[in-house]
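Q:
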Amino acid sequence: MLSFIVRRLIGGVILLFVASSLTFLLMNANSSGIAIRILGDQATQEQIVAKQAELGLDQPLIVRFGHWLAGAVRGDFGTSWFTSEGVLHLVSLRLPVTLSLVVGTVIVTAIIAVALGALAATRRGWVDRLVQVLSVIGAAAPNFWIGLMLVIFFALTLHWFPATGFVPLTESFSGWTASVTLPIVALALGAIASVTAQVRSAFIEVEGRDYVRTLRSRGLGERNVLLGHVLRGAATPALTVLALQFVGLLGGAVVVERVFALPGLGQTITDATTNGDVPLVMGVVVVAVAMVVVVNLVIDIITGWINPKARLS
Amino acid sequence: MRRTTRTLATLATLGVVATGGLTGCASTGGAAPKDDWSELTVAAAAEPTSFDPAQAAQANYAQYFQPVFDTLVRRMPDGSLAPMLATDWALSEDGLTATLDLRNDVTFSDGTAFDAEVAKENLIRFRDSGGPFAANLAGVADVVVVDDDTIELEMSTPDPDIFEYLGNSAGYMASPAQFDSDTVATAPIGSGAYVLDRTQTASGAQYTYVKRDDYWDDSAEWDWFDTLVIKPIPDPSARMNAMKSGEVDTGIIEPKQIPEAEKSGLNVTTFQVNWYGLSIFDRDGAMVPALADPRVRQAINYAIDDEAILAAVELGYGERTDQTFNTQSEAYNADYDDRYPFDPDQARELLKEAGYEDGFDVTMPSSSSMDPAMLAAIAQDLGHVGIRVKYQEVSPADFIPSLRGGKFAMTWMSFAQPPTAWGTVHQFLQPGSAWNVLKTQDDRIDDAVETALSNLTDPEVYDAAMQEINDVVVEDAWNAPFYRVQQGVVSRVGLTVVGQAGQAAPSIYNYTLDD
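Protein sequences appear in the order of chains A and B.
The first sequence begins at 15 in this note's numbering and counts up one residue at a time.
The second sequence begins at 17 in this note's numbering and counts up one residue at a time.
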């Protein structure tokens, strides 16, 4: 197991290097307008040239990347060109917002999707059809639209939740819960729809296997068969799709962050990319890739623990 | 089955109760009165990149700087100037010396005294900083300290708007201690009525300002709130929702949101800042030869159905116009608001006279930040008279740089109308202007500018020269303006907001509580 983890971590470091190299290349492919965007549309040509020199944009690309890499290895990701604040400081402010949404959504999704998927697979009939119809509707409804509907109904009409803003968990648990509930619901509906369909299929597939029939024929209780054996067998595809949801939500939460005016990583990376804020984009990309590597590693370990066969592969 | 029926009945009851809330609730959120006004919360559409006063941006960003930094003169909502850190100011007859008498009872929040030397240091630093508006003081050759409370700005060339600049970013006065600090960009030290509370500030989320006990102006009428919170909310819908729910007290909205705000029971104030229309850069015909002929540019003006676009895109919240000068400026001519009525036949006639009976092709930029309905209407209207528009997609980030780089002959654009005529001339109409990107030069404009600058203390001659410039620009159709759009500001019941001339977001001085 240890060598497996070491191999995955080395792969993660290579992935980090490749992703950051490609991002740096793409971000610097057209850097001519960055100085104008920082200085504004009234800036003179002299000011633009001076700003480009200040940012190091007059140096060759390889030299710029070398400087960035040397700093990043030391943990120095530089300063945002547009907010004048340290990149790590900015990421540390935004990360809790996005993690609140993503982790909350994944937990809610896991609980509800497993329950619904198992229910549909075991009951079949009209329950199964209803779950499938709801899955299709949930997957089709855009999360920004769901978010807007939730705001209109639960925030502006019933006043149960705030319409905008984020309260850090360290400041107030109730405030944090109130501020993330609607965004999590908006994100989770689509995710539940997708994961439920996967869990249902996995359950049906495992239930049809010989060993499950054998267990039933030996008179093992239905609860034991489902929770002790079928669920374990169906866990691998469910975990895989949950991990994909986590990765997708890291970037996909941006629309919901915008609807609820949440200062998360999604909004930050969108603004930074639009502006051409290279240091901030690089910082966010490194953090995001690192999280993806860690999540995939954790999922691999859990999968291996649940299903010993998976360790071999 | 019975359980299912019961569940459905419960859901239906919940729905009815909630729907009742939708239709029958009393004033709530932003439409409800507020008892405690010790804190004012403002939703902003943008967020500053730096608190270094030399790097300060204007317009939407002014609200972030004004609580901390007093300016030398204060711009009133109508664009007139009033005392602030300077009690009096005057321009010499030749326009080459601007004299300011300064207050001598002002201290910065770090205890440093404000005086003429500090004012000089701020002004020179702003001019030499390379900041976004450093060019506004480019004509200042030197700042002379006459005595402790008097300075003279020695100008290399006259600038009629020099005091206007000193009421904006060029006039922000900071403690010299800020300049030497490592946190010059994040920890402002000014003489304003408020200080930025860094412990309650997180970029992207909110900026918190707390009132100073020792602000120099005891009679200031605008600093009635103890705490100011500015929340950057770039998305217009989220901004509107925050105001409707009462989470913020005020903020700017888009014209098409005005009916929604009114229906929600919020106060809505409208004022005009921007003109929307086609900016024609290639007036010498370098890229599109047809555009060198004024008749072709006039034809473009006649071809566009401004009223229809105004109704469709802005729900009618705006005023048709064919000029780019502010209605309050010296150059404004009411007749030019309808100089080119929608007349496709006249457009075709002018094109025929100019030798373009078969029309011509023009490529304009499009961007995801633009309203597709606007772009479609422009292409359709111009297409009807034979001008074939092709759009080239440009990313939002590259849009302005590509225009400034002279890559397009013309484009749809929204520009702020400076409160003074000189503001428009300086930014758009001289060969060296930032937005005269292909350097169009016209002797009539140059002569009128010279006349105006030689008669800065003679309003009659000065105004006539400015109007002459407007004549040239409109009659030669330098651009094809559609309309001046109504800027909307929404505020909670009990709070009145007044718009600021030439500025999208109201100045922080423009909020008053109703009695």
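C-beta: ideal position from N, C-alpha, C; glycine also.
Computed from a predicted structure; not experimentally measured.
Would a check of beta-carbon distances place A/R272 closer than 7 Å to chain B?
A: On the first sequence, residue 272 of chain A is found 258 positions in, with the first residue counted as 1. So, interface residue.
Q: Nearest to B/Q194 by CA position, among B/F67, B/M256, B/L529, is which residue?
A: If you number the second sequence from 1, residue 194 of chain B lands on position 178. Of B/F67, B/M256, B/L529, the residue nearest in Cα terms is B/F67.
Q: Pop quiz: B/M171 and B/G111 are said to be a contact at Cβ under 8 Å. What is the actual Cβ separation, rounded to whole angstroms?
A: On the second sequence, position 155 is the one that residue 171 of chain B refers to. On the second sequence, position 95 is the one that residue 111 of chain B refers to. About 7 Å separates the two Cβ atoms, so the contact holds.
Q: Can you check DSSP and say which residues form a bridge with B/D266?
A: One-based indexing of the second sequence puts residue 266 of chain B at position 250. Looking at the sequence itself, residue 266 of chain B is Thr, so the reference to Asp does not match. Answer is B/V58, B/S507.
Q: For B/K406, which beta-bridge partners are listed by DSSP?
A: Position 390 of the second sequence, counting from 1, holds the residue named residue 406 of chain B. Bridge partners of B/K406: B/T379.
Q: Examine chain B for any beta-carbon lying closer than 7 Å to the beta-carbon of A/A64, and answer yes or no.
A: Translated into the one-based positions of the first sequence, residue 64 of chain A becomes position 50. Yes, its Cβ sits closer than 7 Å to a Cβ of chain B.
Q: Distance check for A/D224 and A/N310, CA to CA, integer angstroms please.
A: Start at 1 with the first residue of the first sequence, and residue 310 of chain A comes out as number 296. Start at 1 with the first residue of the first sequence, and residue 224 of chain A comes out as number 210. Spanning the two alpha carbons is a distance of roughly 30 Å.
Q: DSSP three-state call for B/W438: helix, strand or coil?
A: Reading the second sequence from its first residue, position 422 is the one you call residue 438 of chain B. Of the three classes helix, strand and coil, the one that applies to B/W438 here is helix, per DSSP.
Q: Flag B/L38 as yes if its beta-carbon sits less than 7 Å from any beta-carbon of chain A, otherwise no.
A: Reading the second sequence from its first residue, position 22 is the one you call residue 38 of chain B. Note that B/L38 scores 40 on pLDDT, short of 50, meaning its location in the model is unreliable; the coordinates nonetheless yield the value given after this. So yes, B/L38 belongs to the interface.
Q: Report the neighbours of B/E263 on chain A: residues whose CB is nearer than 7 Å to its CB, in chain order.
A: For the purposes of this step, residue 263 of chain B is taken as the residue at position 247 of the second sequence. Chain A residues near B/E263: P176, A177, T178, G179.
Q: What residue from B/G510, B/A521, B/I178, B/Y525 has the CA that sits closest to B/D52's CA?
A: Within the second sequence, the letter at position 36 stands for residue 52 of chain B. Answer by Cα proximity: B/G510.
Q: Which residues does DSSP pair with B/P497 in a beta bridge?
A: In the second sequence, the residue the question calls residue 497 of chain B occupies position 481. In the DSSP output, where bridge partners are listed per residue, B/P497 has B/G293.
Q: Measure from the C-beta of A/F18 to each C-beta in chain B and report whether the shortest distance is under 7 Å.
A: The sequence position of residue 18 of chain A within the first sequence is 4, counting from 1. Answer no: the Cβ-Cβ gap between A/F18 and chain B never drops below 7 Å.
Q: In its own chain, which residues sit with a C-beta less than 6 Å from the C-beta of B/S507, not counting the 5 before and 5 after it?
A: Along the second sequence, read from residue 1 onward, the residue named residue 507 of chain B stands at position 491. For B/S507, where only same-chain residues beyond five positions count, the Cβ hits under 6 Å are T266, N283, V513.
Q: What are the partner residues of B/K247, as DSSP defines its beta bridges?
A: Residue mapping note: residue 247 of chain B aligns to position 231 of the second sequence, counting from 1. In DSSP, B/K247 forms a bridge with B/A59.
Q: Do B/F498 and the ligand SAH come close, with the Cβ less than 6 Å from some heavy atom?
A: As far as ligands go, the structure on display features none, and thus does not contain the ligand SAH.
Q: Mind checking which residues open and close the alpha helix (DSSP H) that includes A/W159?
A: Here residue 159 of chain A is taken as the residue at index 145 of the first sequence, counted from 1. A/W159 -> alpha helix (DSSP H) spans 157 to 164.
Q: Which residues in the same chain have their Cβ closer than 7 Å to the Cβ of A/L53, if we skip the five residues on either side of it in sequence?
A: Position 39 of the first sequence, counted from the first residue, corresponds to residue 53 of chain A. Q61, I62, K65, listed in sequence order.
Q: Measure how close the beta-carbons of B/R299 and B/A306 come, nearest whole angstrom, since I'm counting them as under 8 Å.
A: For the purposes of this step, residue 299 of chain B is taken as the residue at position 283 of the second sequence. For the purposes of this step, residue 306 of chain B is taken as the residue at position 290 of the second sequence. About 11 Å; that fails the 8 Å criterion.
Q: Of all the residues that make up the segment 272 to 297 of chain A, which are near chain B by a beta-carbon distance shorter than 9 Å?
A: Within the segment 272 to 297 of chain A, the qualifying residues are R272, V273, F274, A275, L276, P277, G278, Q281, T282, D285, T287, T288, N289, G290.
Q: Once you ignore the five residues that flank B/Y231 on each side, which residues in its own chain have a CB closer than 6 Å to its CB?
A: For this step, residue 231 of chain B is matched to residue 215 along the second sequence. So the list reads A209, once near-sequence residues are dropped.
Q: If the cut-off is 7 Å on Cβ atoms, which residues from the segment 409 to 426 of chain B count as contacting chain A, listed in chain order?
A: If the cut-off is 7 Å between Cβ atoms, the segment 409 to 426 of chain B has P412, A413, D414, I416, P417, R420 near chain A.
Q: Taking the straight line between their C-alpha atoms, what separation do you get for B/A157 and B/L116?
A: The count along the second sequence starts at 1 and reaches residue 157 of chain B at position 141. The count along the second sequence starts at 1 and reaches residue 116 of chain B at position 100. Their Cα atoms are separated by approximately 16 Å.
Q: Could you tell me whether the segment 214 to 232 of chain A touches the segment 158 to 174 of chain A, using the rule of 3 or more Cβ pairs below 8 Å?
A: No, the segment 214 to 232 of chain A does not touch the segment 158 to 174 of chain A.
Q: With contact counted as at least three CB pairs below 8 Å, one residue from each stretch, are the segment 268 to 280 of chain A and the segment 104 to 124 of chain A in contact?
A: Counting Cβ pairs under 8 Å, three or more are found: they touch.
Q: Going by the DSSP bridge assignment, what does B/P99 pair with across the sheet?
A: Taking the first residue of the second sequence as position 1, residue 99 of chain B is located at position 83. In DSSP, B/P99 forms a bridge with B/V89.
Q: Using the C-alpha atoms, what's the distance from B/A496 back to B/D121?
A: By one-based count along the second sequence, residue 121 of chain B stands at place 105. By one-based count along the second sequence, residue 496 of chain B stands at place 480. If I take the Cα positions, the gap works out to 50 Å.
Q: Is the CB-CB distance between B/K136 and B/V161 below 7 Å?
A: For the purposes of this step, residue 136 of chain B is identified with residue 120 of the second sequence, where counting begins at 1. For the purposes of this step, residue 161 of chain B is identified with residue 145 of the second sequence, where counting begins at 1. Yes. Within cutoff.
Q: In the DSSP output, what is B/G206 paired with across the bridge?
A: As a first step, residue 206 of chain B must be located in the second sequence, where it is residue number 190. According to DSSP, which records beta bridges pairwise, B/G206 is partnered with B/A190.
Q: Of the residues B/A218, B/D251, B/L445, which one's Cα is nearest the Cα of A/T97?
A: Here residue 97 of chain A corresponds to residue number 83 of the first sequence, with the count starting at 1. Nearest of B/A218, B/D251, B/L445 to A/T97, Cα basis: B/A218.
Q: Does the beta-carbon distance from B/T467 to B/E109 come in below 7 Å?
A: As a first step, residue 467 of chain B is located in the second sequence; it is residue number 451 there, counting from the start. As a first step, residue 109 of chain B is located in the second sequence; it is residue number 93 there, counting from the start. Result no, Cβ atoms of B/T467 and B/E109 do not sit closer than 7 Å.
Q: Leaving out the 5 sequence neighbours to the left and right, which residues in its chain are closer than 8 Å to B/L469 when beta-carbon positions are compared?
A: To locate residue 469 of chain B, count along the second sequence from 1; it is residue 453. Counting only Cβ-Cβ distances below 8 Å, and skipping sequence neighbours, we find G111, T173, P174, P176.
Q: Exposed or buried, what is B/S54 when buried is set at 16 or more other beta-carbons lying within 10 Å of its beta-carbon?
A: Along the second sequence, one-based indexing puts residue 54 of chain B at 38. With fewer than 16 Cβ atoms within 10 Å of its Cβ, B/S54 is classed as exposed.
Q: Throw me the rounded Cβ distance for the A/S94 and A/L104 pair, which I believe falls under 8 Å.
A: Numbered from 1 along the first sequence, position 80 holds the residue referred to as residue 94 of chain A. Numbered from 1 along the first sequence, position 90 holds the residue referred to as residue 104 of chain A. Indeed, because the Cβ distance is near 6 Å, the residues count as touching under 8 Å.
Q: Name the DSSP bridge partner or partners of B/Y225?
A: By 1-based counting over the second sequence, the position of residue 225 of chain B is 209. B/Y225 pairs with B/L212, B/L244.
Q: Count the other CB atoms, across all protein chains shown, that sit within 10 Å of the CB of A/A43; report buried if there are 16 or more and exposed otherwise.
A: Stepping through the first sequence from its first residue, residue 43 of chain A is reached at position 29. A/A43 is exposed by the Cβ-count criterion.
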